[in-house]
Amino acid sequence: MSYVEFEGRRIAYEVQPESFDANDLAVVFIHGSGGDRNDWRFQLDGLSDTCTVIALELPGHGLSDQPGESDVSKYALRVEGFIEKLGLTKVVVVGCSLGSAITQTMALNPKPWLKAIGLVGAGARLRVMPSLLEALLSMPDKALDNLADYCLSDSASDQLRTAMKLKYTSSDPLLIHGDLSACDKFDVMKQLSLIKLPTIIIVGAQDKLTPVKYSKFLNESIGASTMTVIDNAGHLVMLEQPEHFNMQIRRFLGQIS
Ligand code: COA
Numbered sequence: 004m005s006y007v008e009f010e011g012r013r014i015a016y017e018v019q020p021e022s023f024d025a026n027d028l029a030v031v032f033i034h035g036s037g038g039d040r041n042d043w044r045f046q047l048d049g050l051s052d053t054c055t056v057i058a059l060e061l062p063g064h065g066l067s068d069q070p071g072e073s074d075v076s077k078y079a080l081r082v083e084g085f086i087e088k089l090g091l092t093k094v095v096v097v098g099c100s101l102g103s104a105i106t107q108t109m110a111l112n113p114k115p116w117l118k119a120i121g122l123v124g125a126g127a128r129l130r131v132m133p134s135l136l137e138a139l140l141s142m143p144d145k146a147l148d149n150l151a152d153y154c155l156s157d158s159a160s161d162q163l164r165t166a167m168k169l170k171y172t173s174s175d176p177l178l179i180h181g182d183l184s185a186c187d188k189f190d191v192m193k194q195l196s197l198i199k200l201p202t203i204i205i206v207g208a209q210d211k212l213t214p215v216k217y218s219k220f221l222n223e224s225i226g227a228s229t230m231t232v233i234d235n236a237g238h239l240v241m242l243e244q245p246e247h248f249n250m251q252i253r254r255f256l257g258q259i260s
């Protein structure tokens, strides 16, 4: 585990390979609401022969300093600060769900080092079921217990479902409420055509939180985009179908580097 300090708060991250050149191509993965670096375990382990692979933990998550944010643009500023502190010069940012909102925000006003983006379980608007937001405050144990079932397809392995349930039920419901509130306010549907960066869009065919329709809209609105729908996967497609997911990312990186 490594840390970058930005504006007095530490951001935790894992990087593979551990020794890297800041001038090489780096993929920075950003997790979704209530997530952490382990959401990208199979990408950290499976893609580091292609490029530098970094999975950061957003403020308030994993081993990063508290608190979290409840605004996508504040998270985006932190991620940009993180990347600039590391001195990376050629970056592909790939975000899932809340991470995809952060990634779109960065791509709308891209820094020179941002070369391409990946949107996973994504949407240009991420309205959240009001019942879920309310339940996180009024009956947090039940709400957290249900989260894994929203995030996974029905064909997810018992092992993955158990691991995700354990992770969410031991999370801070207020942190996840803040993340989902950030998603709920996010809406760039009318600005999407301003994104000019090469973009890969990946969605699980059984995604219950950001249905395939949302990815189709991204694909139709972002000129330089390609879209892949992966079967037998839900919102956390990178955990449910890592080999197929990694193959798509590998192919995309081959086109942009
Ligand atoms: N891309 C494309 N279309 C979108 C969209 C997106 N990102 N977000 C919404 N839309 C569409 C909807 O499909 C809907 O189209 P329709 O009128 O043809 O059915 C329309 O825009 C309005 O939808 P929405 O803004 O979501 O409002 P709503 O009042 O219909 O529904 C929710 C609100 C919360 C019930 C609904 O958004 C939902 O079920 N969301 C998914 C579950 C969730 O909580 N996801 C968490 C995301 S992190």
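In my numbering, the protein residues as written are 4 to 260. Ideal Cβ placement from N, Cα and C applies to all residues, glycine included. Bear in mind the structure is a predicted one, so any value in this text is a computation, not a measurement.
Asked: Assign Met241 to buried or exposed, taking buried as 16 or more other Cβ atoms, counted over all protein chains shown, within 10 Å of its Cβ.; Found: buried
Asked: When we look at the beta-carbon of Leu155 and count the other beta-carbons within 10 Å, is it buried (16 or more) or exposed?; Found: buried
Asked: Starting from Gly124, follow the beta strand (DSSP E) in both directions and report where the run begins and ends.; Found: That residue, Gly124, is in no beta strand (DSSP E); it is neither H nor E in DSSP.
Asked: Thinking C-alpha only, which one of Lys188, Ile105, Met109 and Lys88 is nearest Leu136?; Found: Lys188
Asked: Should Thr55 go down as buried or exposed, given a rule of 16 or more other Cβ atoms within 10 Å for buried?; Found: buried
Asked: Tell me which same chain residues have a C-beta within less than 7 Å of the C-beta of Ile105, skipping the five on either side of it?; Found: Ile33, Val75, Tyr78, Ala79, Val82 and Gly98
Asked: Between the alpha carbons of Val30 and Leu89, how many angstroms are there, rounded?; Found: 13 Å
Asked: Are the beta-carbon atoms belonging to Ser36 and Ser103 less than 8 Å from one another?; Found: no
Asked: I'd like the list of long-range same chain contacts for Ser174, defined as Cβ closer than 8 Å, with 5 residues on each side in sequence excluded.; Found: Gly37 and Leu147
Asked: Could you check which residue in Gln19, Lys93, Leu66 and Ile259 has the C-alpha nearest to that of Arg13?; Found: Leu66
Asked: Out of Gln19, Gln69, Ala25 and Lys118, which has the shortest C-alpha to C-alpha gap to Thr202?; Found: Lys118
Asked: If we count the other Cβ atoms within 10 Å of its Cβ and call it buried at 16 or more, is Thr108 buried or exposed?; Found: buried
Asked: Using only Cβ atoms and a threshold of 6 Å, which residues come within that distance of a heavy atom of the ligand COA? Order them by chain position.; Found: Ser100, Gly126, Ala127, Arg128, Leu129, Arg130, Val131, Met132, Leu135, Cys186, Leu212, Thr213, Lys216, Tyr217 and Phe220
Asked: On the premise that Ile225 lies in contact with Leu195, defined as a C-beta separation below 8 Å, what is that separation, rounded to the nearest angstrom?; Found: 6 Å
Asked: So Ala159 packs on Gly237, CB below 8 Å; how close in whole Å?; Found: 7 Å
Asked: What would DSSP say about Thr108, mapped onto helix, strand or coil?; Found: helix
Asked: Cβ of Ile3 within 8 Å of Cβ of Ser228?; Found: Residue 3 lies beyond the stretch modelled for the chain, which goes from 4 to 260, so this question has no answer here.
Asked: Please work out which residues of its chain come closer than 6 Å, Cβ to Cβ, to Gln244, disregarding the five sequence neighbours upstream and downstream, and give them in chain order.; Found: Ile233 and Ala236
Asked: Could you have a look at Arg13 and say whether DSSP puts it in helix, strand or coil?; Found: strand
Asked: Could you give the C-beta distance for Leu61 and Val191, rounded to a whole number, given that I count them as a contact under 8 Å?; Found: Contact doesn't hold; Cβ gap of about 19 Å is too wide.
Asked: Just to confirm my understanding: we take Lys145, look at its own chain, exclude 5 residues before and 5 after, and list those with CB closer than 8 Å. What are they?; Found: Ala138
Asked: Whole angstroms is fine: what's the gap from Thr172's alpha carbon to Thr53's?; Found: 35 Å
Asked: Please report the residue range of the alpha helix (DSSP H) in which Met241 lies.; Found: Val240 to Glu243
Asked: Specify, as a first and last residue, the run of the beta strand (DSSP E) that Lys77 falls within.; Found: Here Lys77 belongs to no beta strand (DSSP E); instead the alpha helix (DSSP H) covers Val75 to Leu89.
Asked: By the 10 Å Cβ neighbour count, where 16 or more other Cβ atoms means buried, how is Leu122 classified, buried or exposed?; Found: buried
Asked: Would you identify the three-state DSSP class for Asp190, choosing helix, strand or coil?; Found: strand
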